[in-house]
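Colleague: Each residue of the sequence shown is one higher than the one before, starting from 731 at the first, in our numbering.
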Amino acid sequence: DDDFTLYDMRLDMPLWKNASFSIGKQKEPISMERMMSMVQLPLQERAAVSDALLPARNVGLVMAGTLFNDRMTLAGGAFNNWLDKDQPSSFSDNTTQYVGRATWVPYMSDNESTLLHLGAGVRYSDTKEGFTLATEPEFNQSPDFISTDSFMADSANTYQAEASLRSGPFWLHGEYIEAQIEAPQLDDPTASGYHVTASWILTGEVRSYNERVGIFGKVPISRTVNQNGWGAWEISTRYSTVDTNDGALFGGEMDIWSAGINWWLSPYFNVNLNYRYITLED
731 DDDFTLYDMR LDMPLWKNAS FSIGKQKEPI SMERMMSMVQ LPLQERAAVS
781 DALLPARNVG LVMAGTLFND RMTLAGGAFN NWLDKDQPSS FSDNTTQYVG
831 RATWVPYMSD NESTLLHLGA GVRYSDTKEG FTLATEPEFN QSPDFISTDS
881 FMADSANTYQ AEASLRSGPF WLHGEYIEAQ IEAPQLDDPT ASGYHVTASW
931 ILTGEVRSYN ERVGIFGKVP ISRTVNQNGW GAWEISTRYS TVDTNDGALF
981 GGEMDIWSAG INWWLSPYFN VNLNYRYITL ED
């Protein structure tokens, strides 16, 4: 359609040893699942609650840093997408968001194969452009199963909590997200949901952890197919739920069970298969 969109363009500037400043169109610092690269997740798509209640990218600036020998991370940012196409030309006419996230690693074994990660985030939006909740059922090409009409709201506060346990090739991760919407005409509804994901790397590799950002990363491959190996094999499962029925807001309630298998042939190529069982009340 002859349109061009900048989807991800960010400039990072180190401020001192353990801190940095980022400006541009980027991911907001909230939710590990949102901040991780999708191609590194154990399942093909993010949990429905992450897509329904949190954005993919936004234009803004972020300050981030670490404390206590990289055992704690802090990040905060301000966002306003007035530079994007099809947006009101005035900064003040666009929605502004303030986002923050903190993570902590309370336990790490001596060989670092076992790690406990805890995190929490908060997001405020003045919702000047209106508000809507929508998500596919964790299938990229599907129509939206959860969907509300666009409505005006005074503000929205989103709260998020996460916990992860990695023990060798096993990884267990869960997140809870809740959006409290100040919209008196809809009785100030609350939308919420959570997911629990488990994965096991059958070939024994240990998923990496980025201490500077507080997120898990890609699966390292002991022997790729280029090295006459079998690559890395990973199986995963997830339960996710999202509920957007509250007050006078009715967007639907959805529960999804997922199972998947990933074959990482090399760092640049993988084959995966997912199965989903979806229950929708709408």
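In this text, a Cβ means the ideal position worked out from N, Cα and C, and glycines have one as well. Small disclaimer: the values here were computed from a predicted structure and weren't measured.
Using a Cβ-Cβ cutoff of less than 7 Å, which residues in the same chain neighbour Met768 once the five nearest sequence positions on both sides are dropped?
Modeller: Cβ within range, chain order: Arg776.
Colleague: Spatial neighbours of Asp800 within its chain, please: C-beta separation below 6 Å, excluding the five flanking residues on both sides.
Modeller: Glu941
Colleague: Looking at C-alpha atoms only, which residue of Asn992, Phe999, Ala850 is the closest neighbour of Gln774?
Modeller: Asn992
Colleague: Comparing alpha-carbon positions, which option in Met765, Thr735, Glu1011 lies nearest Ser877?
Modeller: Glu1011
Colleague: Within 10 Å of its beta-carbon, does Lys757 have 16 or more other beta-carbons around it, so buried, or fewer, so exposed?
Modeller: buried
Colleague: Quick check on Ser966: does DSSP put it in helix, strand or coil?
Modeller: strand
Colleague: Report buried or exposed for Pro772, applying the criterion of at least 16 other Cβ atoms within 10 angstroms of its Cβ.
Modeller: buried
Colleague: Quick check: Leu741 and Gly754, are their CB atoms within less than 8 Å of each other?
Modeller: yes
Colleague: Does DSSP put Phe734 in a helix, in a strand, or in coil?
Modeller: coil
Colleague: Leaving out five residues before and five after Gly959 in sequence, what residues of the same chain have Cβ atoms less than 8 Å from its Cβ?
Modeller: Ile951, Ser952, Arg953
Colleague: State the Cα-Cα distance for the pair Pro867 and Met984, rounded to the nearest angstrom.
Modeller: 8 Å
Colleague: State the DSSP-derived secondary structure class of Asn811, mapped to helix, strand or coil.
Modeller: coil
Colleague: Going residue by residue through the region 819 to 843, where are the continuous beta strand (DSSP E) segments of at least 3 residues, counting only ones entirely within it?
Modeller: 826 to 838
Colleague: Note down the Cα distance separating Ser760 from Thr796, rounded to an integer number of angstroms.
Modeller: A quick correction: the sequence has Ile, not Ser, at residue 760. Going by the C-alpha atoms only, they are around 16 Å apart.
Colleague: Where do the ends of the beta strand (DSSP E) carrying Ser922 lie?
Modeller: 920 to 931
Colleague: Considering only C-alpha positions, which residue in the set Leu813, Pro914, Asn956, Glu935 is nearest to Trp1036?
Modeller: Here the chain has residues from 731 to 1012 only, and residue 1036 is not among them.
Colleague: Excluding five sequence neighbours on each side, which residues of the same chain lie with their C-beta closer than 7 Å to the C-beta of Asp823?
Modeller: Correct list, in chain order: Lys858.
Colleague: What residue range is occupied by the uninterrupted beta strand (DSSP E) comprising Ala777?
Modeller: From DSSP, Ala777 is part of no beta strand (DSSP E); its letter is neither H nor E.
Colleague: Skipping 5 residues on each side, what residues in its chain have a beta carbon closer than 6 Å to that of Ser706?
Modeller: Because the chain here runs from 731 to 1012, residue 706 falls outside it and cannot be looked at.
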